[in-house]
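>
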Amino acid sequence: MGIENCLKVFRAEKDITQAELAEEVGVSRQTVNAIETGKYDPSLELALKIAEFFDAEVEEVFSLEDR
Amino acid sequence: MINRENMLPARMNALWFTYIALFLFALLPNWEVYLGTWEVFGYSLLTTMLVNLWSIYKDTPIMDERKQKVATEAMAWAFVVVSVLLVPMATTGAEIDANLVRDTASMGLWTWLLFFSVKNLLHKYGGGKRK
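Residue numbers (our numbering), protein chains in the order written: chain A, 1 to 67; chain B, 1 to 131.
Next up, the structure:
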C-alpha cells in the first residue's frame with residue numbers, strides 16, 4: 001500500500017512553484033517533483049513540514065492509497 | 001548565507017569519506033597515481049569537509065532526504081556486489097593482493113555510481129508512478 005497526495009492542488013491554491021516549495025521545506029525541486037508524481041514517499045518530518053507550510057493537517061495533504 | 005541545517009548527516013559523511021577513499025585507492029592507479037594510506041584518508045576527509053561547506057552555503061542541501069535514500073540504496077547494492085565477488089575468490093583460493101582488492105573495490109564503486117545514476121534518470125525521465 002502506498003501514499004497518495006494532493007500536493008499539486010495545494011501548490012496551485014497557493015500559487016507557488018515546485019522550486020519555491022522545495023526551498024521553503026529544505027529539499028531539492030526534484031524531491032518535490034518526485035513526491036507529486038508518486039515516485040517518492042516523504043519522511044514524516046518532511047510531510048509535517050509540507051503540511052505546516054500549507055497550514056493544513058498532514059492527512060489533508062497525504063493519505064493512504066485505496067486498496 | 002550559511003545554512004547549518006544543510007550540513008550532511010553522519011551517515012552521508014561516512015558514505016562520502018568511504019567512497020572518495022575507495023576512488024583514490026582503486027581508480028587513481030589506472031592513471032599511475034598511487035597514494036599512501038594517510039594521503040588517501042587525508043584527501044577523503046578534506047573532500048568530505050568541502051562537500052559540507054558547499055552544502056551549507058546553498059539554499060537547499062546538496063543531498064536532501066531523497067538523494068540520501070538513493071545513495072544509501074546504492075551503497076547496499078555495491079556491498080552486495082562486492083560480497084558476491086568475494087565468494088568465488090575465497091572458494092577458488094585466489095591470492096588476495098592489492099590489485100585484486102582494487103578491482104573488487106572498483107566494481108563496488110561502479111555499481112554504486114550506476115545504481116545512483118539510473119535511479120535518478122528513471123525519476124527524471126521514467127513515466128508513470130512507481131507503484
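Ideal placement from N, C-alpha and C gives every residue a C-beta, glycine not left out.
(1) Could you round the C-beta distance between E65/B and L7/A to whole angstroms and report it? I think they count as a contact, below 8 Å.
(2) Give, in chain order, every residue of the stretch 11–25 of chain A whose Cβ lies closer than 8 Å to some Cβ of chain B.
(3) For chain B, is any of its Cβ atoms less than 8 Å away from the one on K39/A?
(4) How would you write the range of the alpha helix (DSSP H) that F79/B sits in, first residue to last?
(5) Determine the DSSP secondary structure at S43/A, reduced to helix, strand or coil.
(6) Closer than 8 Å, CB to CB, is R148/B near chain A or not?
(7) Does any CB atom of chain B fall closer than 8 Å to the CB of V27/A?
(8) Starting from F116/B, trace the alpha helix (DSSP H) in both directions and tell me its first and last residue.
In terms of the structure at hand:
(1) For the purposes of this step, residue 65/B is taken as residue 65 along the second sequence, with counting starting at 1. For the purposes of this step, residue 7/A is taken as residue 7 along the first sequence, with counting starting at 1. A Cβ-Cβ separation of about 15 Å leaves E65/B out of contact with L7/A under the 8 Å criterion.
(2) A22 and E23
(3) The residue labelled residue 39/A in the question sits at position 39 within the first sequence. So, interface residue.
(4) Counted from its first residue, the second sequence places residue 79/B at position 79. Unbroken alpha helix (DSSP H) run through F79/B: E65 to T91.
(5) Position 43 of the first sequence, counting from 1, holds the residue named residue 43/A. If DSSP states are grouped into helix, strand and coil, S43/A belongs with coil.
(6) Missing from the structure shown is residue 148/B; chain B here goes from 1 to 131 and no further.
(7) Indexing the first sequence from 1 puts residue 27/A at position 27. V27/A counts as touching chain B.
(8) Counted from its first residue, the second sequence places residue 116/B at position 116. Segment A98 to Y125, the alpha helix (DSSP H) holding F116/B.
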